[in-house]
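A.B. asks:
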Amino acid sequence: MQESIKLLQVELGGALSGQLLQQSGFEYRYLQASATQPAVGLLMPPSQLTWRDGALFPVMDQNLPEGDLFNRLRQHFPKQPMTAMRLLALMGRNGIGRLGYGVPGQPPAPPAEPIARSTLLRMPFTEQVFDDLVMAYLATGMGVAGMQPKIMVPDRATIPIPNLIVKTGSAAYPGLAANEFMCLQVAQRAGIDVAQAELSDDGQMLLVERFDIAADGQRLGFEDVASLMGLRVRDTLSERKYHGSYQRVVELLGLVTRQREDLQRFFEQLTLSIMVGNGDAHLKNFGVLYQGVADDIRLSPLYDVVTTRIYRYQRSPGGPELEDNTMALRLFAGKGQRSKTYPLPDELLHFGRQVCQVRNPAQVLARIAQAMSETLHAARGDARIPHRLYEQMVPVWEAGMGYARALAGKIKV
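Throughout the sequence shown, residue numbering follows the numbering used here, covering 1117 to 1529 in sequence.
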């Protein structure tokens, strides 16, 4: 078994920023004694040169792999202990956001060979084809987290890091790529800032453009809401991303971005998730982008949105299959607000007006409902959308569009 990793060099946008050490806990050391240098995270400003914690810092923990990718790593590197430091080293320089990691004295992973977007879109999907794709790019630095089967690949040599996230489904979640594509299409048609995505010709793979890379290749800082709340993914309470309320998320964004428009944009993102039946809009599925630290912090585009209500789940192995009829978080904070059930139309309207400061939230619902109707119409004639998936999504989306119908008389011109 290989020795454990105790020291990593941390890069910020490709430039060396500091060192991460693991001893009894974790320690991060900025290499420069300058309060004006870029921060590795919004909660770790360089005004303090050394940071210590008993667990990995949330801004670094946020990109550690879960689910499918974590299991693939264990299979691909069976003799390496999958510690947080090892996972960061495997992540390399490709992670979402502007942080990169390297073992001192070891050369960086070879640059990934670009693969044309058109080739990916035409690639006939099989599990073996996707496995081969994962294995081909895993050694270049995985750089992506989450439960869903996915891998990062580059489609052009002008940007030195992979710029596409390739996602697929699984036996437990059939049609997942087409499902997410339809949800993202709703956002695009509704005028919501959203990650750009394309669906493969056979409907089995989704290509999502990274939104943390500027057109000139510059890396942007990214932190999800769980990180901003000081929560971690890979700990004994990993379900923390499902704890809390959307009201607390709004309050946090109000402190971090200081832009009223971002609260309105968050309402759009949340409302879309509610109307399409996405019960997995947890704390890691909202985030902020930034270039500096105190300025230009803004809500990131919408990403990772799926109609989860069509899938069944089991509370325990061998238990009965249940329908996902709850949201990831409560809508409102406070005692007596423990339910995660989907809100009534008037409750959502109240949330938009009073919590997110949206002048006419009913208009937002009407715009999203129109986009859902248009997307269903387009999907009906799209050979890439499985018929079974379409039939499952129609009644869920019809119920979601009912929010707008219930509030039709409250739309102001």
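We put the CB at the ideal spot given by N, CA and C, even for glycine.
(1) In whole angstroms, what separates the C-alpha of residue 1495 from that of residue 1483?
(2) Where does the unbroken alpha helix (DSSP H) through residue 1519 begin, and where does it stop?
(3) Please state the DSSP three-state secondary structure of residue 1296.
(4) Can you tell me which of the three DSSP states residue 1404 falls into?
(5) Using 8 Å as the Cβ pair cut-off and three pairs as the minimum, do the region 1377–1394 and the region 1512–1524 touch?
(6) Following the continuous beta strand (DSSP E) through residue 1177, name the residue where it begins and the one where it ends.
(7) Using 10 angstroms around the beta-carbon of residue 1352, count the other beta-carbons present and answer buried if the total reaches 16, otherwise exposed.
(8) Measuring straight from C-alpha to C-alpha, what distance separates residue 1479 and residue 1340?
(9) What's the C-alpha gap between residue 1205 and residue 1373?
(10) Tell me the rounded alpha-carbon separation between residue 1476 and residue 1310.
(11) Does residue 1423 come out as helix, strand or coil in the three-state DSSP assignment?
(12) Quick check on residue 1398: buried or exposed, where buried means 16 or more other Cβ atoms within 10 Å of its Cβ?
(13) Which same chain residues, not among the five before or five after residue 1414, have their C-beta less than 8 Å away from its C-beta?
(14) Would a C-beta distance cut-off of 7 Å place residue 1155 and residue 1348 closer than the cut-off?
(15) Alpha carbon to alpha carbon, how far is residue 1524 from residue 1136? Give it in angstroms, no decimals.
(16) In the DSSP assignment, what residue or residues form a beta bridge with residue 1266?
(17) Taking C-alpha atoms, which residue in 1243, 1419 and 1216 lies nearest to residue 1176?
(18) Residue ranges of each alpha helix (DSSP H) run of no fewer than 4 residues wholly in the region 1301–1361, ordered along the chain?
(19) Buried or exposed for residue 1429, going by 16 or more other Cβ atoms inside 10 Å?
(20) Between the Cα of residue 1168 and those of 1145, 1157, 1243 and 1158, spot the shortest distance and give me the residue it belongs to.
(21) My assumption, with CB atoms under 8 Å, is that residue 1530 sits in contact with residue 1444. Please give the rounded CB distance.
(22) Which complete alpha helix (DSSP H) runs does the region 1147–1205 hold, if anything under 4 residues is left out?
(23) Following the continuous alpha helix (DSSP H) through residue 1474, name the residue where it begins and the one where it ends.
(24) Could you tell me the distance, in whole angstroms, from the CA atom of residue 1218 to the CA atom of residue 1174?
(25) Excluding the 5 residues flanking residue 1301 on each side, which residues of the same chain have their C-beta closer than 7 Å to its C-beta?
(26) Decide if residue 1163 is buried, meaning its Cβ has at least 16 other Cβ atoms within 10 Å, or exposed.
(27) How is residue 1142 classed by DSSP in three states: helix, strand or coil?
(28) Pop quiz: residue 1298 and residue 1236 are said to be a contact at Cβ under 8 Å. What is the actual Cβ separation, rounded to whole angstroms?
C.D. replies: The structure says:
(1) Taking the first residue of the sequence shown as position 1, residue 1495 is located at position 379. Taking the first residue of the sequence shown as position 1, residue 1483 is located at position 367. In this model, residue 1495 and residue 1483 are separated by some 18 Å (Cα to Cα).
(2) Counting from one through the sequence shown, the residue named residue 1519 turns up at place 403. That run of the alpha helix (DSSP H) goes 1503–1522.
(3) In the sequence shown, residue 1296 corresponds to position 180, counting from 1. Three-state result, residue 1296: helix.
(4) As a position in the sequence shown, residue 1404 is number 288, starting the count at 1. Residue 1404 falls in the strand class under three-state DSSP.
(5) With the cut-off at 8 Å, the region 1377–1394 and the region 1512–1524 touch.
(6) As a position in the sequence shown, residue 1177 is number 61, starting the count at 1. Following the DSSP letters along the chain, one finds residue 1177 in no beta strand (DSSP E) but inside the alpha helix (DSSP H) bounded by residues 1174–1177.
(7) The residue you call residue 1352 lines up with position 236 of the sequence shown. Because residue 1352 sits at a pLDDT of 49, beneath the cut-off of 50, its placement in the model cannot be relied upon, and the following sentence gives the value as read from the coordinates. Classification for residue 1352: exposed.
(8) For the purposes of this step, residue 1479 is taken as residue 363 along the sequence shown, with counting starting at 1. For the purposes of this step, residue 1340 is taken as residue 224 along the sequence shown, with counting starting at 1. If I take the Cα positions, the gap works out to 28 Å.
(9) Looking up residue 1205 in the sequence shown gives position 89. Looking up residue 1373 in the sequence shown gives position 257. For residue 1205 and residue 1373, the distance between alpha carbons rounds to 31 Å.
(10) Sequence index remark: in the sequence shown, residue 1476 carries index 360 (1-based). Sequence index remark: in the sequence shown, residue 1310 carries index 194 (1-based). Those two C-alpha atoms are separated by around 21 Å.
(11) The sequence position of residue 1423 within the sequence shown is 307, counting from 1. Of the three classes helix, strand and coil, the one that applies to residue 1423 here is coil, per DSSP.
(12) Your numbering for residue 1398 matches position 282 in the sequence shown. Under a 10 Å Cβ-count criterion, residue 1398 is classified as buried, with 16 or more other Cβ atoms of the shown protein chains found around its own Cβ.
(13) Here residue 1414 refers to the residue found at position 298 of the sequence shown. Correct list, in chain order: 1373, 1375, 1378, 1404, 1405 and 1406.
(14) The residue you call residue 1155 lines up with position 39 of the sequence shown. The residue you call residue 1348 lines up with position 232 of the sequence shown. Against a cut-off of 7 Å, the Cβ pair of residue 1348 and residue 1155 comes out as no contact.
(15) Indexing the sequence shown from 1 puts residue 1136 at position 20. Indexing the sequence shown from 1 puts residue 1524 at position 408. Take the alpha-carbon of residue 1136 and the one of residue 1524: they are about 55 Å apart.
(16) Taking the sequence shown and counting its residues from 1, the one referred to as residue 1266 is at position 150. Paired residue(s): 1283.
(17) Along the sequence shown, one-based indexing puts residue 1176 at 60. Looking at the Cα atoms, 1216 is the closest of the given residues.
(18) Complete alpha helix (DSSP H) runs here, min 4: 1341–1344.
(19) Position 313 of the sequence shown, counted from the start, is the residue given in the question as residue 1429. With a 10 Å radius around the Cβ and a threshold of 16 neighbouring Cβ atoms, residue 1429 comes out exposed.
(20) Position 52 of the sequence shown holds residue 1168. Of the candidates 1145, 1157, 1243 and 1158, the one whose C-alpha sits nearest the C-alpha of residue 1168 is 1145.
(21) This structure cannot speak to residue 1530, because the chain is shown only from 1117 to 1529.
(22) Counting only runs that start and end inside the region 1147–1205, the alpha helix (DSSP H) elements of at least 4 residues fall at 1174–1177 and 1183–1192.
(23) One-based indexing of the sequence shown puts residue 1474 at position 358. Element bounds for residue 1474: n/a, residue is neither H nor E.
(24) The residue given as residue 1218 occupies position 102 in the sequence shown. The residue given as residue 1174 occupies position 58 in the sequence shown. Using only the alpha carbons, I get a separation of about 18 Å.
(25) Here residue 1301 is taken as the residue at index 185 of the sequence shown, counted from 1. Answer for residue 1301: 1491, listed in chain order.
(26) The residue you call residue 1163 lines up with position 47 of the sequence shown. Result: exposed.
(27) In the sequence shown, the residue the question calls residue 1142 occupies position 26. Three-state result, residue 1142: strand.
(28) Counting from one through the sequence shown, the residue named residue 1298 turns up at place 182. Counting from one through the sequence shown, the residue named residue 1236 turns up at place 120. About 19 Å; that fails the 8 Å criterion.
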